[in-house]
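As structure tokens, the structure follows; a few thoughts come after it.
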DNA sequence: GTGCACATGATTGTATACAACATCGGCCAC
DNA sequence: GTGGCCGATGTTGTATACAATCATGTGCAC
């Protein structure tokens with residue numbers, strides 16, 4: 001297993017660390033999350049690990065199988081459609097609200113976010129880049145000053161990261177940043193209507209860049225492996 | 001023969017029972033949820049109670065205060081606005097989708113739902129009526145065949161119930177049912193655009209029937225009490 | 001050699017014991 | 001009499017021990 005920050009902490013700390021690892025694709029879908037293993041890695045007792053896993057389970061980031069353990073979630077094709085449908089309802093209008101409340105400081109912060117994403121990409125840290133790309137969306141909800149929507153969007157964004165891990169079609173994730181750049185321009189111009197439309201199209205583009213034909217890429221990918 | 005109910009008392013069962021009680025206003029906001037007390041009531045150990053309370057805490061239905069215990073959540077005025085803002089983004093478009101997928105069986109089921117709500121109201125069970133009224137909204141998301149949105153809406157609806165408990169202005173909850181009746185008519189006519197508009201207005205009406213002036217009705221309502 | 005039965009080991013589910021902390025009462029100083 | 005200090009009591013936080021369940025590997029029968 002990849003090295004996870006052996007940073008001792010509370011159950012929430014563990015949950016956040018695991019969520020980051022999932023978001024950054026360091027823990028791919030289907031990975032078994034053994035309780036003893038995690039308790040040794042984080043240096044905390046199983047009680048806290050269980051609490052963390054339960055939290056992630058409620059957010060649909062891990063799937064719990066009774067008496068078998070916890071695994072990083074493997075969203076189905078149907079779930080993938082549903083997650084992006086929910087995002088399509090929430091994020092465009094939220095982007096509009098954000099554009100209205102946007103300050104110059106917000107714009108520069110968003111730009112810095114994109115720069116960091118590019119830097120991570122050039123450093124070969126594609127997982128970190130993807131994570132930053134997702135946080136861009138969360139940041140918009142935060143600027144819109146809607147913490148409830150922000151929490152929902154955050155959950156949907158991390159689930160989207162799992163979906164991308166399973167169903168991404170092209171290798172390069174570069175194309176995205178253009179959409180984010182265009183969004184920043186709209187924000188800088190305080191053009192709420194444009195931001196809303198750009199966000200809607202951006203989400204549509206995301207879905208179409210997935211391969212969501214029913215293929216049940218679950219464990220039984222025998223036919224694909226034997227071809 | 002008390003074994004008739006299979007698995008009566010898992011953590012999920014306890015959580016569902018508590019959520020129902022909260023939704024029906026049998027547990028008003030601010031109620032202390034003592035672990036020992038609950039473990040005796042449900043006849044299960046504290047471990048399961050804690051798991052249930054954690055689950056409700058993640059759904060923002062109970063607030064956890066460290067070393068002090070769990071309390072039924074008391075949404076602030078700001079949270080109230082945020083919850084209805086999120087619902088305003090999700091539910092109208094979902095109602096439109098539901099109208100398209102609506103079958104005659106669905107329509108009669110929704111009508112039965114409203115009838116049950118009226119019956120509960122006339123029986124003096126106002127809490128149960130409110131709960132059924134909320135489930136009407138959840139049912140629509142289910143008909144739209146969007147389980148992810150359904151889960152989010154469910155959470156928002158129960159939080160709305162808490163908000164209503166704290167900030168409801170008028171005593172009578174009768175007026176609502178008219179909105180639901182009009183929605184059913186739109187569904188029966190498979191008029192998605194109308195359903196979307198009706199739902200949007202229904203949610204706006206709900207907000208305006210709340211008293212959301214900053215009053216911090218939290219424990220420290222000293223100024224109000226001393227006036 | 002194949003397939004089933006069973007024993008073994010490992011992992012999770014649950015309960016309970018103990019430690020840490022907050023609340024509340026009385027007591028004392030001022 | 002007011003205010004603060006400080007034990008007594010109860011509640012929550014955490015760890016650990018034990019039970020239940022699943023996965024694995026061996027051996028036997030066919």
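Protein chains in written order, with the UniProt record's numbering: chain X, 1 to 227; chain A, 1 to 227.
Backbone N, C-alpha and C define an ideal beta-carbon position, used for all residues, glycine too.
- Each of 125(X), 133(X), 15(X), 84(X) was checked against the Cα of residue 208(X), and the nearest Cα belongs to 84(X).
- A direct Cα-Cα distance of roughly 10 Å separates residue 106(A) from residue 113(A).
- Under the Cβ criterion of 8 Å, residue 64(X) is not counted among the residues facing chain A.
- In the three-state reduction of the DSSP assignment, residue 124(X) falls in the coil class.
- By the rule that beta-carbons nearer than 8 Å mark a contact, residue 10(A) does not touch chain X.
- The beta strand (DSSP E) runs of length 3 or more contained entirely in the region 98-159 of chain X do not exist; there are none.
- Burial state of residue 101(A) is exposed, judged by a 10 Å Cβ sphere holding fewer than 16 other Cβ atoms.
- Using beta-carbon distances, residue 139(A) does not count as an interface residue toward chain X, since no partner is under 8 Å.
- Taking a contact as a CB-CB distance under 8 Å, the pair residue 15(X) and residue 56(X) counts as one, their CB atoms being some 6 Å apart.
- Annotation for residue 196(X): 92, 93, 95, 96 place their beta carbon closer than 7 Å to its own, counting only its chain and skipping 5 residues before and after.
- Between the alpha carbons of residue 111(X) and residue 163(A) lies a gap of roughly 38 Å.
- Cβ contact annotation for residue 190(A) (same chain, cutoff 8 Å, sequence separation greater than five): 99, 100, 102, in chain order.
- In the displayed model, residue 63(A) falls within a strand according to three-state DSSP.
- The alpha-carbon of residue 200(A) is positioned some 15 Å away from that of residue 82(A).
- A direct Cα-to-Cα measurement between residue 125(X) and residue 26(X) gives close to 11 Å.
- A distance below 6 Å between beta-carbons, with the five flanking residues on each side excluded, links residue 121(X) to the following residues of its chain, in chain order: 129.
- Look at residue 51(A): its C-beta is under 8 Å from a C-beta on chain X.
- For residue 169(X), the CB contacts under 7 Å within the same chain, skipping 5 residues up- and downstream, are 209, 210, 211 in chain order.
- One finds nothing in chain X with a Cβ atom closer than 8 Å to the Cβ of residue 22(A); even the nearest lies about 17 Å away.
- Counting along the chain, no alpha helix (DSSP H) covers residue 72(A); the unbroken beta strand (DSSP E) around it starts and ends at 69-72.
- It is roughly 12 Å from the alpha-carbon of residue 54(X) to the alpha-carbon of residue 33(X).
- Chain X places no beta carbon closer than 8 Å to that of residue 17(A), leaving this residue out of the contacts.
- One thing to note: residue 59(X) has its Cβ within 8 Å of the Cβ of residue 155(X).
- The DSSP-derived three-state label of residue 166(X) is helix.
- Here the alpha carbons of residue 73(A) and residue 30(A) stand approximately 6 Å from one another.
- Residues of chain A with a Cβ closer than 7 Å to the Cβ of residue 147(X) are, in chain order, 82.
- Under the three-state reduction of DSSP, residue 206(X) is assigned to helix.
- According to DSSP, residue pairing for residue 33(A) in a beta bridge involves 70(A).
- It is roughly 24 Å from the alpha-carbon of residue 194(X) to the alpha-carbon of residue 151(X).
- Assignment of residue 24(A) by DSSP, reduced to helix, strand and coil, places it in the coil class.
- The Cβ atoms of residue 138(A) and residue 157(A) lie closer than 8 Å to each other.
- Residues of chain A whose Cβ lies closer than 8 Å to the Cβ of residue 85(X) are, in chain order, 146, 148, 149.
- Across the set 159(A), 181(A), 64(A), the C-alpha of 181(A) shows the shortest separation from the C-alpha of residue 116(A).
- When the alpha-carbon of residue 213(X) is set against those of 69(X), 44(X), 80(X), the nearest one is in 80(X).
- For the region 85-105 of chain A, the set of residues with a beta-carbon nearer than 7 Å to any beta-carbon of chain X comprises 85, 86, 89, 90, 93, in chain order.
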